[in-house]
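In the UniProt record's numbering, the protein residues as written are 1 to 92. Notes follow once the structure below has been shown.
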């Protein structure tokens with residue numbers, strides 16, 4: 001199906017929509033997605049590769065990784081709930 005432009009001097013009909021912009025504008029940044037970066041801290045071991053402080057006898061390395069799991073789950077749930085009613089164009 002091809003569409004033709006209206007003759008010069010005539011505006012397009014209100015039912016016709018302009019094609020969506022292409023290129024970089026196809027990617028929408030939402031500040032809420034920054035919450036998804038928090039669980040990624042667990043893949044940077046140089047940030048927590050230490051034994052002190054200990055918690056209930058567990059070195060920091062272990063209890064920090066165990067703490068990242070529920071924090072990551074909470075961040076993922078928060079992003080889902082805050083963005084589930086937003087369509088692809090970012091409109092609610």
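Note that beta-carbon positions come from the ideal geometry of N, C-alpha and C, so glycine has one too.
Next on the checklist: In the DSSP assignment, the alpha helix (DSSP H) including residue 93 goes from what residue to what residue?
Outcome noted: Lying outside 1 to 92, the shown extent of the chain, residue 93 is not represented and no answer is given.
Checklist entry - Near residue 48, which residues of its chain fall below 7 Å by C-beta distance, leaving aside the five closest residues on each side in sequence? => result 60, 61, 64
Next on the checklist: According to DSSP, residue 37 sits in a beta bridge with which residue or residues?
Outcome noted: Residue 37 is not bridged to any residue.
Checklist entry - Cβ of residue 33 within 9 Å of Cβ of residue 71? => result no
Checklist entry - So what does DSSP say about residue 44, is it helix, strand or coil? => result coil
Checklist entry - From this set, 57, 58, 53, 66, which residue's C-alpha is nearest residue 43's C-alpha? => result 66
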